[in-house]
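Throughout, my numbering is defined as the position within the sequence shown, counted from one, plus 12.
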Amino acid sequence: MSAVPEVRADARPKRSVSELRSRFRQGKTALLDHFRESRATSPSATRLLRALTKHVDQTLLDLWEHALMPPGAALLAVGGYGRGELFPHSDVDVLVLLPPDLAHANDALKSSIEGFITACWDIGLEIGSSVRTIDECIEEAERDVTVQTALLESRYLCGSRRVFNAFRRANMQAMDAKAFLRAKTLEMSQRHQKFEDTPYSLEPNCKESPGGLRDLQLVIWVARAAGIGKNWNELAAKGLITAFEVKQLQRNEGLLKLIRARLHTVAGRREDRLVFDLQTAVAESFGYQATKGQRASEVLMRRYYWAAKAVAQLNQILMLNIEERINGLQDAPMRPITTKFLERGGMLEVASDDLYERDPHAILETFLTYQTSLGPKGLSARTLRALYNARELMNGEWRHDPVNRATFMKMLQASEGQTHAFRLMNQTSVLGRYLWVFRRIVGQMQHDLFHVYTVDQHILMVLRNVRRFFIPEHAHEYPFCSQLAAQWDKPYILYIAALFHDVAKGRGGDHSDLGAREVRRFCRDHDIERDDAALIEFLVKGHLTMSRIAQKEDLSDPDVIESFAKLVGTEPRLTALYLLTVADIRGTSPKVWNAWKGKLLEDLYRLTLRALGGARPNMDAEIEARKQEARHTLNLYSLLPGTEAALWKTLEISYFARHDAGDIAWHARSLYRFVETQVPVVRARLSSLGEGLQVVVYSPDRPDLFARICGYFDGAGFNILDAKVHTTKAGYALDTFQIISPTLEHHYRDVISLVETQLAQALSATGPLPEPSRGRISRRVKSFPITPRVTLRPDERAQRWLLGVSTSDRSGLLYAIARVLARHHINLQLAKITTLGERVEDTFLIDGSALQQNKAQLEIESELLDAITP
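So this is what it looks like as structure tokens:
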């Protein structure tokens, strides 16, 4: 944008501050109203940004005159305002530049400057201001690269042009392009890490996230510092980018600017994050509408992710090109790898710019070479550009080419490198162009409240997790998985299952069935052996089964284990499904996995493995073995033989079936002196899983006992992962809980003492149960609500009932459920508490006379729905 001409103080009559305030606010409101009304018809945000900049320019000129600033001073626009890109609610950054003779401001000058800045705020300009001489600017820029960057984009507004020109000369003379490049590259790396190092965050920052506007601004800053160019056309004239890339840059930059501008207007404040609360409103401001299969916000976010992905690719190409130009690396020596590829400076380089046009097979060979060659740590700018410009070559004929299919299988079957190679293929858009089915889920959001990645990023995370099972250096993370993987001779089977397990999400229908159909076609097209193909299809179709059974069903029930064993059929299928399930859960969100889920899955694996060996669970023998092991443990604590007898004779077989020997021994050791106690006894210890606490409660039973326990844990800030509830023959409750809390890590001894004391006191209380709190729900739950559901059905023997609850998570939820059960005198025998991010899927095994009456059943279900509805 051209600079506003210098204005003399006597050029026109002065306006009062109140008049300026009224004119500024009316003008800005008119501009924003026009922008809102334009909706999707506006071709870009550029017109709005320039109009806002011009409007602020004029207002500052008037205020500068009003403040009677000395003629030797100058007013400069810096930062984004200096670029002439003022977004609706961005800060207006200005620099009051003083000549050397005004370095020590007198009272009159101080008063003028303070009056100018105060007037800016009075009329509604949110300015970021600094007052410096030229020397102070240069000194500050040398200390702080952020200041240096802001000054690089300075634009003259008014005052002394001579001082401004002197400043600009001094600033460019002081610029060290190499140091600036290094500092901005490190700054970009830190920024990317802060924003999850991916363009695909579900709530991305359209300015700061990888692939955001800041990545484009960075390229221009570095190029400008090196004197290469100030805009895309100038970079093209210098040979750094092609005409096609200029069009791509302008198109994607325009979309990101438009999204940011509409985000500001919708939020009514400076907001650069596409948070869930605002996504739908921003989408509707574009004119997008929800359809039967897709939300309006999903349309918007898909467009955003595609733009961000393109920006991330182009940023990488340009930054590598500029780095080579600044550091003189164009002539660095190259090491031949094959006739098609070279290595230069640790990067994989194509032997010629037209390699892919001459030989489209080389596209996939790029990634196989990168995967299997020592040395290259990435792709050079030349290679990235060649791939970017070869996208039209990756068509149906290319996808069906037998040579390319063989290359793709070589990548899957290679001894290492799958994680990095497939991530790089996705970053360069090659993976989606080869696997067309994968392209459909690139940038696709997931609204299930526990995935924190888009579908494509989740799939690649699961692939990474599977791959790590086969890497000895990662054996300490999941020793049992690594042990099983070491015996697996065809890892590529699991890699393919990982790539396809969620590939059919978002189509409607069961994505497991649709994915199985897709992977069957893939296996046929890639000549995968029939048995291997059948196993891969089984894994994709049943990838949710093992998790569901482990977290929702009673693993002490022999029928549950036998049914699952029939489903998997063989040990290899069981092992493969177990490995994929662990990798899948780990790939949803860092918050979803915990040691308790790991134990449930491992227990299910071991029990099923035994059943597959032909040994139907012999519960009597198993219980006797557990008792013997528990007695041995008690002996280690120097307890007399028979100490456990008084307690054990009051316990049903179901107790021993649901607890392992370690828990049985701990209970006996903790409770043998209190078998006939009339007051609640509470004992706690660090969980044997190494995460959270185990708490056992022994008390005369009463209908509201479980509810009071849940109420205490909720009020004390604990999350319940699991509950095993038993009633002894003598009428005592013996309930065991797995709980976690953020405060446990460093203060577990104090927490254990507190739980044992406070919970016992809470259980001694009488009187009605307090009302449950309607705990706050998160922004994400508000944006993507789950319809609460309650299911109640008898088990296979029609002796007990399975209660299923599905809703969004919040504090006090379990207590609210327990309170309803207590009111209807429902006995709880087992509780499986499954928290998936911000969604809960809880299963309870219950009985009670009220469940035998249809009317009472309906009443219970209705009250539960009221209790779990946010």
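Here a beta-carbon is modelled for each residue, glycine too, at the ideal position from N, C-alpha and C.
(request) Taking 8 angstroms as the threshold, find out whether the stretch 564–577 comes into contact with the stretch 843–859 through three or more Cβ pairs. (result) yes
(message) Strictly by DSSP, which residues pair up with Glu361?
(response) Leu354
(request) Can you tell me which of the three DSSP states His116 falls into? (result) coil
(request) Starting from Cys218, follow the alpha helix (DSSP H) in both directions and report where the run begins and ends. (result) Neither: Cys218 is in no alpha helix (DSSP H) and is coded neither H nor E.
(request) Report the three-state DSSP secondary structure of Gln865 (helix, strand or coil). (result) coil
(message) If I follow the unbroken beta strand (DSSP E) through Gln841, where does it start and stop?
(response) 839–844
(request) Put His46 into one of helix, strand or coil per three-state DSSP. (result) helix
(request) Kindly indicate the opening and closing residues of the beta strand (DSSP E) around Ala745. (result) 744–752
(message) Quick check: the Cα distance between Gly238 and Pro388, rounded to an integer number of angstroms?
(response) Checking the sequence, you will find Ala at residue 238 rather than Gly. Spanning the two alpha carbons is a distance of roughly 27 angstroms.
(request) Taking 8 angstroms as the threshold, find out whether the stretch 279–292 comes into contact with the stretch 343–352 through three or more Cβ pairs. (result) no
(request) Determine the direct distance from the alpha carbon of Asn731 to that of Tyr724, and round the result to whole angstroms. (result) 11 angstroms
(message) For Asp501, count the other beta carbons within 10 Å of its own beta carbon; 16 or more makes it buried, fewer makes it exposed. Which is it?
(response) exposed
(request) Would you identify the three-state DSSP class for Val454, choosing helix, strand or coil? (result) coil
(message) Classify Glu165: buried if its beta carbon has 16 or more other beta carbons within 10 angstroms, exposed otherwise.
(response) buried
(request) Note down, one range per segment and in chain order, each alpha helix (DSSP H) of at least 4 residues found wholly within the stretch 450–533. (result) 467–481, 491–498, 503–512
(request) On a CA-only basis, which of Gly779, Ala879, Leu840 is nearest Ser861? Give me that one, please. (result) Leu840
(message) Buried or exposed, going by whether 16 or more other CB atoms sit within 10 Å of the CB of Ser201?
(response) exposed
(message) Suppose the cutoff is 8 angstroms on Cβ atoms and the five residues either side in sequence are ignored; what does the same chain contact list for Arg33 look like?
(response) Asp134, Ile135, Gly136
(request) Would you mind reading off the limits of the beta strand (DSSP E) that contains Asn731? (result) 731–739
(request) Could you please give the first and the last residue of the uninterrupted beta strand (DSSP E) stretch that includes Gly816? (result) 813–820
(request) Please name the residue, chosen from Lys190, Lys66, Arg62, Ala324, that lies closest to Gly223 on a Cα-to-Cα basis. (result) Ala324
(message) Could you compute how far the alpha carbon of Glu361 sits from the alpha carbon of Asp539?
(response) 31 angstroms
(request) Verify whether the separation of the beta carbon atoms of Tyr667 and His555 is less than 8 angstroms. (result) no
(message) Using only CA atoms, which one of Ala302, Asn327, Asn606, Val852 lies nearest to Thr440?
(response) Asn327
(message) Taking the beta strand (DSSP E) that Gln690 belongs to, which residues open and close that run?
(response) It is not in any beta strand (DSSP E) - Gln690 carries neither H nor E in the DSSP assignment.
(message) Taking the beta strand (DSSP E) that Val143 belongs to, which residues open and close that run?
(response) 139–145
(message) Rounding to the nearest angstrom, what Cα-Cα distance links Gly625 and Glu574 in this structure?
(response) 11 angstroms
(request) Tell me, please, whether the stretch 31–48 touches the stretch 67–82 by the rule of three or more beta-carbon pairs shorter than 8 angstroms. (result) yes
(message) Just verifying my parser: in three-state terms, what is the DSSP assignment at Val157?
(response) helix
(message) Here's the rule: buried if 16 or more other CB atoms are within 10 angstroms of the residue's CB, otherwise exposed. What is Phe550?
(response) buried
(request) Tell me, to the nearest whole angstrom, how far the beta carbon of Thr277 is from that of Pro100; I am working on the premise that it is less than 8 angstroms. (result) 5 angstroms
(message) Is the beta carbon of Leu228 closer than 8 angstroms to that of Leu261?
(response) yes
(message) Pop quiz: Asp103 and Ala162 are said to be a contact at Cβ under 8 angstroms. What is the actual Cβ separation, rounded to whole angstroms?
(response) Actually they do not touch by this definition, with Cβ atoms about 11 angstroms apart.
(request) Take the Cβ of Thr466 as the centre, count every other Cβ of all protein chains shown within 10 Å, and call the residue buried at 16 or more, exposed below. (result) buried
(request) Starting from the Cα of Asn264, find the closest Cα among Asn183, Ile798, Ala319 and give me that residue. (result) Ala319
(request) State the DSSP-derived secondary structure class of Phe718, mapped to helix, strand or coil. (result) helix
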